[in-house]
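Number 183 in full-length UniProt numbering belongs to position 183 of the sequence shown; there are no gaps in the numbering. One structure below.
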Amino acid sequence: MADEKTQKQQLKLFSYWRSSCSWRVRIALNLKGLQCEYIPVNLVKGEQFKFTELNPMGYVPVLVDGDVVVSDSFAILMYLEEKYPEHPLLPSNLNKRAINYQAANIVSSSIQPLQNLAVLKYIEEKVSADEKHTWVTYHITKGFQALEKLLKDHAGRYATGDEVFLADLFLAPQIHGAINRFNIDMVQFPLLSRLNDAYVELPPFQDAMPEKQPDAPPSVVS
Ligand SMILES: N[C@@H](CCC(=O)N[C@@H](CS)C(=O)NCC(=O)O)C(=O)O
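Below, the structure is given as structure tokens:
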């Protein structure tokens, strides 16, 4: 079996600069100190549809670790957690761990799929651009209201205390996208706004931001 250093050199991430799902994985790789080759997949040009042998769903992210190919950010994060346990993504306290799973799944099952490129494109084409905005605002607001309630008794500096865990990896890209891409009014979400302020201070989160990625267009790179 290859040693850990060789394994790290074999890591490849198929990613798109603005993809919130890829961003979750980028944060985990940074937190765990794992080097990785970044392979851009341009979702706007439809490049995701050409790589279904890697991910049958035709989505990013996909992680390749030597002979192992894993797609879906949740599965990738669990794989990384088990293979590279340094900087744990899950707390040892079972209750706290369950809250992390719940918050992560609110984002990954009940918000992000409803704002995904393919869904928004469909609504815009079949209904209208106005309806797209109404739709996305409704679903983000519903999810954020749930997250505010869920996390109010668990949050510290971060979602479930004073350490960064799995929930934070899902929340940071989702909140950033809500503000910068979908113009959601965050005044109604004081806890999530406060968490967002904490995330932007952290180097592993900063380095994972869309504008820092090699495929970010020059117009967004500061
Ligand atoms: N559950 C999957 C969702 C993956 C997903 O929706 N990826 C988006 C980018 S965040 C994508 O590739 N969209 C391309 C499309 O809609 O055609 C995950 O967490 O990885």
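Even for Gly, the Cβ is constructed at its ideal location relative to N, Cα and C. This one's a predicted model, so the numbers in the text were calculated from it and none came from an experiment.
Check, Outcome
"For A28 and L80, believed in contact at Cβ under 8 angstroms, the rounded distance", "5 angstroms"
"6 angstroms CB neighbourhood of M1 in its chain, flanking five on each side removed", "Unreliable placement is indicated for M1, whose pLDDT of 44 sits below 50; the coordinate value is still reported in the next sentence. Nothing meets the Cβ criterion."
"Nonlocal neighbours in the same chain, by C-beta distance under 6 angstroms from W135, ignoring five residues either side", "I123"
"With 16 other Cβ atoms within 10 Å as the buried cut-off, status of G177", "buried"
"Spatial distance of L117 from K45 (CA atoms)", "12 angstroms"
"Whole beta strand (DSSP E) elements within the UniProt domain \"GST N-terminal\" (9-88), 3-residue minimum", "11-15, 37-40, 62-65 and 68-71"
"L202 beta carbon less than 8 angstroms from that of F144", "no"
"Check whether L77 and L166 have beta carbons under 8 angstroms apart", "yes"
"For review: beta carbons within less than 6 angstroms of any heavy atom in ligand 1", "S19, S20, C21, L43, Q48, Y59, V60, P61, D72, S73, F74, S108, N116, L117 and A118"
"Selection from S20, R18, F14 and E125 that minimises the alpha carbon distance to F49", "F14"
"Beta-carbon separation (whole angstroms), S19 vs V60, contact threshold 8 angstroms", "5 angstroms"
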